[in-house]
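What follows is a set of notes on a single structure, which appears directly below.
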Amino acid sequence: MTVQVDYLRTSRRPQFADLPADVRALLAEVAGSPVASARPSVTSGFTGAFAALLDLADGRRVFAKAAGPAAPHARVAIPQEALVLGRLERFEGRLTAPALVGAAGLEDWQVVVVEAIDGRMPGVPWTDAEVDVVHDACLRLAAVPPEDVAALTPSSLAADVGGDEVALTTLDELAAGRRDWPESVPPVRPELMREVARLGHLARRLLEGDRLVHCDLRPDNLLLDTAGQVRIVDWNWVTRGPAWTDFVSLWPLMARDGIDVDRLCRESPLTQDTEPEAIDAFLAVLAGYLLSHAGNPAPPATLNAIRDHQRLLGRLCLDLLAQRRGWAG
0 MTVQVDYLRT
10 SRRPQFADLP
20 ADVRALLAEV
30 AGSPVASARP
40 SVTSGFTGAF
50 AALLDLADGR
60 RVFAKAAGPA
70 APHARVAIPQ
80 EALVLGRLER
90 FEGRLTAPAL
100 VGAAGLEDWQ
110 VVVVEAIDGR
120 MPGVPWTDAE
130 VDVVHDACLR
140 LAAVPPEDVA
150 ALTPSSLAAD
160 VGGDEVALTT
170 LDELAAGRRD
180 WPESVPPVRP
190 ELMREVARLG
200 HLARRLLEGD
210 RLVHCDLRPD
220 NLLLDTAGQV
230 RIVDWNWVTR
240 GPAWTDFVSL
250 WPLMARDGID
260 VDRLCRESPL
270 TQDTEPEAID
280 AFLAVLAGYL
290 LSHAGNPAPP
300 ATLNAIRDHQ
310 RLLGRLCLDL
320 LAQRRGWAG
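Encoded structure:
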């Protein structure tokens, strides 16, 4: 059975009233006004952290997150996101990121408050118009000068993703028949899987770059606002790499929804001059990363939807790789 993921419903989060009183007070302090009312927590995303719109006594509306011991992944991600959002303030339009209102920590809790964005998630399913505005946003990221990117983050996509030993070992073990395929992911023929593994091992060299990479673009990290522009959220893991990687990371889901990604590859300034083997190496190591985690238990405070997402996207990466390499059928 093919796994499906409803990216609008992938999490179960605490409500504002469920938070400790001192955390609620901290959110009001960071927001700069008492909280008049709280909207229901969002059901997108994968962590079990609090995440909701807050209506403030001074008439403003903000979006707030809070994570404590029950959501350890988010507790690390929240201060990192606040750091990045603060640094993005120097760029025109903040590169579509929400404006940072403030952030703080309290014992074993972390909170962040940002601009509220009135919008909806694209990609349910993907349309050509949505692809165009997401492409425009990716072009804005690609235009950030390398020296500014270096000031934003010391991280490297080539090292962190291209050199991910767990992902590469997963590809090798699947190719050699030493690892079971995750449920609902059809096995790739051994001779083709060996080629996938070979491509994955090229990623560290081929993913070197000096451009800004969000490194976590998914439908639930994008909002199509009322002006018809895409806003990119959840800036936890920014890194440096080739300008095309964020856009290409969305191609597997776009291709599933009938978008002609071969045309995108030919026509986009991000990819039209990119070595095809580099794109294929990225898809291969991304598949390795996703499949390396897909069979594990869900992390604390996280629904199994994260594993469904990893199985789905891992399979779609392999499907797109097969299409691009002429293996399909």
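Heads up: the sequence shown at position 172 corresponds to 171 in numbering that gives the first Met the number 0, and the numbers run straight through without jumps.
Just so it is clear, CB atoms sit at the ideal spot from N, CA and C, and this is done for glycine as well.
Handout entry: N- and C-terminal bounds of the beta strand (DSSP E) containing residue 330
Key = An answer regarding residue 330 cannot be provided, because it is not within the stretch 0 to 328 covered by the chain.
Handout entry: Per-residue burial, residue 313 [other beta carbons within 10 Å of its own, 16 or more giving buried]
Key = Counted from its first residue, the sequence shown places residue 313 at position 314. Residue 313 comes out buried.
Practice task
In angstroms with no decimal places, state the Cα-to-Cα distance between residue 16 and residue 40.
Solution key: The residue labelled residue 16 in the question sits at position 17 within the sequence shown. The residue labelled residue 40 in the question sits at position 41 within the sequence shown. Rounded to the nearest angstrom, the gap between the Cα atoms of residue 16 and residue 40 is 11 Å.
Problem - Stretch pair the stretch 102–115 + the stretch 53–66: three plus CB contacts closer than 8 Å - result: Under the Cβ criterion (8 Å, minimum of three pairs), the stretch 102–115 counts as touching the stretch 53–66.
Exercise for the section: Please classify residue 306: is it buried, with 16 or more other beta-carbons within 10 angstroms of its beta-carbon, or exposed? Expected result: Indexing the sequence shown from 1 puts residue 306 at position 307. The residue in question, residue 306, is buried, as its Cβ has 16 or more Cβ neighbours within 10 Å.
Practice task
Just grab the DSSP bridge partners of residue 387 for me.
Solution key: Not covered by the structure: residue 387. The range shown for the chain is 0 to 328.
Practice task
Reducing DSSP to helix, strand and coil, say where residue 246 ends up.
Solution key: Here residue 246 refers to the residue found at position 247 of the sequence shown. Helix at residue 246.
Problem - Between the CA atoms of residue 219 and residue 259 - distance to the nearest angstrom - result: Numbered from 1 along the sequence shown, position 260 holds the residue referred to as residue 259. Numbered from 1 along the sequence shown, position 220 holds the residue referred to as residue 219. Spanning the two alpha carbons is a distance of roughly 22 Å.
Practice task
Tell me whether the beta-carbon of residue 130 lies closer than 8 Å to the beta-carbon of residue 239.
Solution key: Counted from its first residue, the sequence shown places residue 130 at position 131. Counted from its first residue, the sequence shown places residue 239 at position 240. Not closer than 8 Å, so no.
Exercise for the section: Would you mind reading off the limits of the beta strand (DSSP E) that contains residue 36? Expected result: Position 37 of the sequence shown, counted from the start, is the residue given in the question as residue 36. Start and end: 34–37.
Handout entry: Proximity winner among 25, 88, 281, 213, relative to residue 110 (alpha-carbon distances)
Key = For the purposes of this step, residue 110 is taken as residue 111 along the sequence shown, with counting starting at 1. For residue 110, the nearest C-alpha among the options comes from 25.
Practice task
On the DSSP bridge assignment, give the partners of residue 49 in chain order.
Solution key: Here residue 49 corresponds to residue number 50 of the sequence shown, with the count starting at 1. Per DSSP, 65.
Problem - Supposed close pair residue 49, residue 12 - CB separation, criterion 8 Å - result: For the purposes of this step, residue 49 is identified with residue 50 of the sequence shown, where counting begins at 1. For the purposes of this step, residue 12 is identified with residue 13 of the sequence shown, where counting begins at 1. Yes, residue 49 and residue 12 are in contact; Cβ-Cβ is about 6 Å, under 8 Å.
Handout entry: Cβ shell of residue 85 (< 6 Å), same chain only, five flanking positions each side left out
Key = Along the sequence shown, one-based indexing puts residue 85 at 86. Apart from the 5 residues on each side of it in sequence, residue 85 sits with its Cβ closer than 6 Å to the Cβ of 99 in its chain, given in chain order.
Practice task
Please confirm whether residue 222 and residue 119 have their CB atoms less than 8 Å apart.
Solution key: Counting from 1 along the sequence shown, the entry for residue 222 is found at position 223. Counting from 1 along the sequence shown, the entry for residue 119 is found at position 120. Yes, these two residues count as a Cβ contact at 8 Å.
Problem - Same chain only: Cβ atoms within 6 Å of residue 56, ignoring 5 sequence neighbours per side - result: Here residue 56 corresponds to residue number 57 of the sequence shown, with the count starting at 1. So the list reads 32, 33, 35, once near-sequence residues are dropped.
Exercise for the section: Kindly indicate the opening and closing residues of the beta strand (DSSP E) around residue 229. Expected result: Here residue 229 refers to the residue found at position 230 of the sequence shown. Looking at the DSSP string, the run of the beta strand (DSSP E) that includes residue 229 is 229–231.
Exercise for the section: Identify whether residue 102 lies in helix, strand or coil by the three-state DSSP scheme. Expected result: Your numbering for residue 102 matches position 103 in the sequence shown. In the three-state reduction of the DSSP assignment, residue 102 falls in the strand class.
Handout entry: Local conformation of residue 155 per DSSP, three classes
Key = In the sequence shown, residue 155 corresponds to position 156, counting from 1. Three-state DSSP puts residue 155 in a strand.
Practice task
Could you tell me which of 308, 214, 326, 101 sits nearest to residue 155, measuring between CA atoms?
Solution key: Within the sequence shown, numbered from 1, the residue matching residue 155 stands at position 156. Considering only alpha carbons, the answer is 214.
Handout entry: residue 325, buried or exposed, once every other Cβ within 10 Å from all chains shown has been counted against 16
Key = On the sequence shown, residue 325 is found 326 positions in, with the first residue counted as 1. Exposed, since its Cβ has fewer than 16 Cβ neighbours within 10 Å.
Handout entry: Nearest candidate by alpha-carbon position, reference residue 208, set 185, 127, 269, 166
Key = Stepping through the sequence shown from its first residue, residue 208 is reached at position 209. Closest option to residue 208, Cα to Cα, is 269.
Handout entry: Of the listed residues 42, 38, 27, nearest to residue 7 (C-alpha basis)
Key = Residue numbering aside, residue 7 sits at position 8 when the sequence shown is read from its first letter. Comparing Cα-Cα distances from residue 7 to each of 42, 38, 27, the minimum goes to 42.
Problem - CA-to-CA distance, residue 297 to residue 18, given in whole angstroms - result: Residue 18 sits at position 19 when you count from the first residue of the sequence shown. Residue 297 sits at position 298 when you count from the first residue of the sequence shown. Residue 18 and residue 297 have their C-alpha atoms some 23 Å from each other.
Handout entry: the stretch 133–145 in contact with the stretch 233–247 per 3-pair CB rule at 8 Å
Key = The stretch 133–145, when compared against the stretch 233–247, does touch it at the 8 Å Cβ threshold.
Exercise for the section: Go ahead and pull the three-state DSSP assignment for residue 118. Expected result: Numbered from 1 along the sequence shown, position 119 holds the residue referred to as residue 118. Correct three-state label for residue 118: strand.
Problem - C-alpha distance - residue 54 paired with residue 27, whole-angstrom precision - result: Along the sequence shown, one-based indexing puts residue 54 at 55. Along the sequence shown, one-based indexing puts residue 27 at 28. In this model, residue 54 and residue 27 are separated by some 10 Å (Cα to Cα).
Exercise for the section: Classify residue 3 as buried or exposed, calling it buried when 16 or more other Cβ atoms lie within 10 Å of its own Cβ. Expected result: One-based indexing of the sequence shown puts residue 3 at position 4. Residue 3 is exposed by the Cβ-count criterion.
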